[in-house]
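Top to bottom, those sequences are chains A and B. Under this note's numbering, the letters of the first sequence match residues 1 to 429, in that order. Under this note's numbering, the letters of the second sequence match residues 1001 to 1358, in that order.
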Amino acid sequence: MKIQNLTALALSTALASGTAAADLVLPDLSYRTGAYAAGGIPFSDGYQDYLNMLNARDGGIGGEEIRIVECETGYNTEKGVECYESTKGEGALIYQPLSTGITYQLIPKATADNIPLHTMGYGRTSAANGEVFNWVFNYPANYWDAAGVIVNYLLEENGGDLKDKTLALVYHNSAYGKEPIRTLEALAEVHGFKFNPIAVDHPGQEQKSQWLQIRRERPDYVLMWGWGVMNQVAIQEAANIGFPMENFIGNWWSGAEHDVTPAGAGANGYKSLNMNRIGDLPVFADIKKHVHDAGNAAGDGSNIGTVLYTRGMYAAMLAQEAIASAQDIHGVSDVTPAMVRDGMEALDITAARMKELGMEGVGPEFSVTCEDHGGSGLGIVQQWNAADGKWVALTDYIEPADDITTPLVAEDSAAFAAENDITPGCYKG
Amino acid sequence: MFYREAGDFKTSYDADSQTFPIAFDRYRYWVVLAVAFLVIPFVINDYWANALLVPFLIYAIAAIGLNILTGYCGQVSLGTGAFMAVGAYACYKLMTAFPDISILIHIILAGGITALVGAAFGLPSLRIKGFYLAVATLAAQFFLVWLFNKVPWFYNNSASGQISAPERFVFGIPVTGPNTEAWAMYLICLVFVTGSAIIARNMTRGSMGRKWMAIRDMDIAAEIIGVNPLRAKLSAFAVSSFFIGISGALFFAVYLGAVEVGEVFGINKSFLVLFMVIIGGLGSIFGAFAGAAFLVCLPVVLKLIGVDLLGWPPDLVAHFQLVIIGLMIMFFLIKEPHGLAQLWRVAKEKLRLWPFPY
Chain A
1 MKIQNLTALA
11 LSTALASGTA
21 AADLVLPDLS
31 YRTGAYAAGG
41 IPFSDGYQDY
51 LNMLNARDGG
61 IGGEEIRIVE
71 CETGYNTEKG
81 VECYESTKGE
91 GALIYQPLST
101 GITYQLIPKA
111 TADNIPLHTM
121 GYGRTSAANG
131 EVFNWVFNYP
141 ANYWDAAGVI
151 VNYLLEENGG
161 DLKDKTLALV
171 YHNSAYGKEP
181 IRTLEALAEV
191 HGFKFNPIAV
201 DHPGQEQKSQ
211 WLQIRRERPD
221 YVLMWGWGVM
231 NQVAIQEAAN
241 IGFPMENFIG
251 NWWSGAEHDV
261 TPAGAGANGY
271 KSLNMNRIGD
281 LPVFADIKKH
291 VHDAGNAAGD
301 GSNIGTVLYT
311 RGMYAAMLAQ
321 EAIASAQDIH
331 GVSDVTPAMV
341 RDGMEALDIT
351 AARMKELGME
361 GVGPEFSVTC
371 EDHGGSGLGI
381 VQQWNAADGK
391 WVALTDYIEP
401 ADDITTPLVA
411 EDSAAFAAEN
421 DITPGCYKG
Chain B
1001 MFYREAGDFK
1011 TSYDADSQTF
1021 PIAFDRYRYW
1031 VVLAVAFLVI
1041 PFVINDYWAN
1051 ALLVPFLIYA
1061 IAAIGLNILT
1071 GYCGQVSLGT
1081 GAFMAVGAYA
1091 CYKLMTAFPD
1101 ISILIHIILA
1111 GGITALVGAA
1121 FGLPSLRIKG
1131 FYLAVATLAA
1141 QFFLVWLFNK
1151 VPWFYNNSAS
1161 GQISAPERFV
1171 FGIPVTGPNT
1181 EAWAMYLICL
1191 VFVTGSAIIA
1201 RNMTRGSMGR
1211 KWMAIRDMDI
1221 AAEIIGVNPL
1231 RAKLSAFAVS
1241 SFFIGISGAL
1251 FFAVYLGAVE
1261 VGEVFGINKS
1271 FLVLFMVIIG
1281 GLGSIFGAFA
1291 GAAFLVCLPV
1301 VLKLIGVDLL
1311 GWPPDLVAHF
1321 QLVIIGLMIM
1331 FFLIKEPHGL
1341 AQLWRVAKEK
1351 LRLWPFPY
């Protein structure tokens, strides 16, 4: 049986690696199955639709066609590693695994294989320190920024004073969910509020005991760091215990339409962060025309315009800009992963450029440098209006708590550098 | 005609009681070892190592461990994932606390620590049997995973709760960490698999194995004829956990490199290894290998056929994987409830007479 498998493998890998044409390979490590598929599907749809639109409308980036290689990870670390290994040989330019767990796996591997990793608003926060993490980027914002944004928003709501208030954090019991705890503890010391972390085990289907605890303790605010089915269950449980929804704030991965619709009217008033401003952007019309009407939609085409679809499209736009920047810097259109890394490090996203691309204001303005791979860290707070079925942006882009998070980033990245024998410094090529 | 014992006379007790009495078996064993050690390291590449061979070897060790416990001693255990986690965390703590000692020693020590933990969680087996014991080991599964999540000492107080293997060298060659070559990963796992299989095979053919099998078949009768059930059951748990701990340590240090206990060593891992043992064949060392190969290679082959050859969308293929694997498990268990090892045994029996029918 092993011999048969080996020949089948040899055949298939030979067939699969047939096309070595000069095109830009962007792998899509998506998850359309499993407990987190509700989030993975719209993100992957947005990502692929935008890139397919670039091919159809502009002929690719800088004249080079984009080739998407999709690989199903199921939000599972082992499958993520297998997908990475099977796609890296095809000339993959940027990896966006959309999973903090897989990111932690890929950070050392991508660094050793010299392929850049873009972990937009997730992953290992201290990767913002570009001197230690030469190949990992997490612009435009990361989890510690998110924690800072929420606390700054709450400070505004409370007239600058959070003393003696209680903030509970309902978090996914994984590396993803634990990310903000250190920052929130530091912020609790500075601002004088009590911080209470409450863990929810994967996949988050069972949360009754956690929400009974919240009902008993009555914290002033509940923050949520959830993903997939955990979000829906949490919002439903919060509605069940009658928790005031306007005091329930999720991060940007806990604020999508599919998270709030199951709870119906009970979810009205739930707030979340968003790193994007959503709305009817002109680029959606282009995508409809060039991709959906041509029958080339990545999924069933129903997710267009939703929060996660927009975010997937935004991720694809950042990849496009990075490749274009790389083509600019090195003067060739057929770029290598190392060139794309240089492009990412020189990235400068302005409001004018976003408007040019048909997505005005979809994200904050930021620029990337060798030392700072984390972008500006801004986020907006949005609120769900159940009657209209829409997210309404409550604020403009709020600043994070850089004074608290910058030393924490430095400390964590220094620990990583020490553990892995890395000499911090800008990548020299 | 080829596979026969006719004319093969043994002249010493040693030769008569050897593991592979038939000459063809012995030569096949040496050829497989030669190919595994001398040929594959030169042709292996990153993808084959990471997707197929290294997980196969690691799960083979775990399946050998669980086969000793469930197949030879009859104690059903659903705690395999947690014991692998114990091996992984023990290896991590040893690696970070004593960075100068060779990782090979750490892996064996991790196995030893897991043996002690396994023996402790095997104490319920002295009172309960079968299904109820499975539930008691399920408690071990959930408790240990909770423990590793909750107590920061286990993950060295890291903010993310993940443990990651620092780079370690054997004879100057990196075997953990991202700079490890595919052949190095493969060879270190192969060495441990060969060692484990030899030890397990010899233990199960010796008096220890016979005691385990006596307990499995009829434990009251075994107690009457003088088999100490406490010693037999606890030693089964200990030896089985030793192998499972080694497999967990290799899984963490060599294969994955960074591990989040809830996701990697959850109940699904326990079920996976149990399925490997059941499909491979309970009570057989070869069965452990066959089951591990089946359950590691089948999803990858299905994915290659579905996505690369047929061009289907990857989520459809992922859903089909679940369906097809389930169907194949059902098919195997209906057709051959004693697993792939029984198919192998029957084939060998028929080959011994071939070309004659009986």
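Built from N, CA and C at the ideal position, the CB exists for glycine as well. Note that the coordinates shown come from a computational prediction; the quantities given were computed from them, not determined experimentally.
Closer than 8 Å at the beta carbon, the chain B residues around residue i
i	result
Asn-492 (chain A)	No answer is possible for residue 492 (chain A): it lies beyond the span of chain A, which begins at 1 and ends at 429.
Pro-108 (chain A)	Ser-1164, Gly-1177, Pro-1178, Gly-1257 and Ala-1258
Thr-423 (chain A)	Near Thr-423 (chain A) there are no residues of chain B at all, since even the closest Cβ is about 15 Å away, more than 8 Å.
Assigned secondary structure, residue i (DSSP; H/G/I helix, E/B strand, else coil)
i	result
Tyr-211 (chain A)	It is Trp, not Tyr, that sits at residue 211 (chain A) in the sequence shown. Trp-211 (chain A): helix per DSSP, three-state reduction.
Met-1084 (chain B)	helix
Cys-71 (chain A)	strand
Ala-256 (chain A)	coil
Phe-137 (chain A)	strand
Ile-3 (chain A)	Legend: pLDDT at Ile-3 (chain A) = 46, less than 50; position of this residue unreliable, value from coordinates given subsequently. The answer is helix: DSSP assigns Ile-3 (chain A) an H, G or I state.
Phe-1356 (chain B)	coil
Lys-165 (chain A)	coil
Asn-240 (chain A)	helix
His-172 (chain A)	strand
Phe-1024 (chain B)	helix
Asp-1008 (chain B)	coil
Lys-430 (chain A)	In the structure as shown, chain A begins at 1 and stops at 429. Residue 430 (chain A) is therefore absent and cannot be evaluated.
Ile-1128 (chain B)	coil
Leu-968 (chain B)	Nothing about residue 968 (chain B) can be reported from this structure: the residues present for chain B run from 1001 to 1358 only.
Phe-1148 (chain B)	helix
Lys-271 (chain A)	strand
Leu-1187 (chain B)	helix
Leu-347 (chain A)	coil
Ser-30 (chain A)	strand
Trp-227 (chain A)	coil
Gly-428 (chain A)	Checking the displayed sequence, the identity of residue 428 (chain A) turns out to be Lys instead of Gly. Coil, per DSSP.
Ile-1279 (chain B)	helix
Ala-1036 (chain B)	helix
Ile-1068 (chain B)	helix
Contacts of residue i in chain A (Cβ-Cβ under 7 Å)
i	result
Gln-1162 (chain B)	Tyr-104 and Ala-175
Within chain A, the residues that residue i reaches when beta carbons sit closer than 8 Å
i	result
Tyr-1155 (chain B)	Residues of chain A passing the Cβ test: none, with the nearest at roughly 10 Å.
Ala-1159 (chain B)	Lys-178, Glu-179, Ile-181, Arg-182 and Asp-412
Whole-number beta carbon distance between residue j and residue i, since they are thought to touch under 8 Å
i	j	result
Gly-1257 (chain B)	Ala-1085 (chain B)	15 Å between Cβ atoms; not a contact.
Tyr-36 (chain A)	Gly-255 (chain A)	Actually they are not in contact, since the Cβ atoms of Tyr-36 (chain A) and Gly-255 (chain A) sit about 15 Å apart, beyond 8 Å.
Ala-1119 (chain B)	Phe-1237 (chain B)	5 Å
Leu-357 (chain A)	Met-317 (chain A)	6 Å
Asp-280 (chain A)	Gly-305 (chain A)	7 Å
Gln-1141 (chain B)	Gly-1081 (chain B)	6 Å
Ala-234 (chain A)	Val-136 (chain A)	Contact doesn't hold; Cβ gap of about 29 Å is too wide.
Thr-1194 (chain B)	Val-1254 (chain B)	The pair is not a contact, with the Cβ atoms about 15 Å apart (cut-off 8 Å).
Ser-272 (chain A)	Gln-382 (chain A)	6 Å
Gly-1087 (chain B)	Gly-1111 (chain B)	6 Å
Ala-326 (chain A)	Asp-342 (chain A)	6 Å
Within chain B, partners of residue i - CB distance below 7 Å
i	result
Ala-234 (chain A)	Neighbours of Ala-234 (chain A) on chain B: none; closest Cβ ~17 Å, over 7 Å.
Ser-86 (chain A)	Tyr-1047 and Ala-1051
Chain B residues whose Cβ lies nearer than 9 Å to that of residue i
i	result
Val-81 (chain A)	Asn-1050, Ala-1051, Tyr-1255, Leu-1256 and Gly-1257
Ser-111 (chain A)	It is worth fixing the name first, because residue 111 (chain A) is Thr in this sequence and not Ser. Those within 9 Å of Thr-111 (chain A) in chain B are Pro-1178.
Thr-119 (chain A)	The contacting residues do not exist; Thr-119 (chain A) stays about 13 Å from chain B at best.
Gly-101 (chain A)	Gln-1162, Ala-1258, Glu-1260, Glu-1263 and Val-1264
CB contact below 8 Å: residue i versus chain D
i	result
Arg-32 (chain A)	The structure shown contains no chain D; its protein chains are A and B.
Members of the region 198–217 of chain A that neighbour chain B once the beta carbon cut-off is set at 8 Å: Here the close residues are Ala-199, Asp-201 and His-202.
Contacting positions in the region 1309–1329 of chain B - beta carbon closer than 8 Å to chain A: Taking 8 Å as the Cβ-Cβ cut-off against chain A, the residues of the region 1309–1329 of chain B that qualify are Leu-1309, Pro-1313, Pro-1314, Asp-1315, Val-1317, Ala-1318 and His-1319.
Members of the region 399–413 of chain A near chain B, C-beta cut-off 9 Å: Listed by position along the chain: Leu-408 and Asp-412.
Residues in the region 54–76 of chain A having any Cβ partner in chain B nearer than 8 Å: Going along the region 54–76 of chain A in chain order, one finds Glu-70, Cys-71, Glu-72, Gly-74 and Asn-76 with a Cβ nearer than 8 Å to chain B.
Secondary structure, alpha helix (DSSP H): runs of 4+ residues fully inside the region 100–162 of chain A: Correct list: 100–113 and 143–157.
Cβ-based contacts, 8 Å cut-off: residues of the region 1126–1154 of chain B near chain A: Of all residues in the region 1126–1154 of chain B, Asn-1149 have a Cβ within less than 8 Å of some Cβ in chain A.
Completely contained alpha helix (DSSP H) runs for the region 1169–1256 of chain B, where each covers 4 or more residues: 1182–1205, 1207–1224 and 1229–1250, all fully within the region 1169–1256 of chain B.
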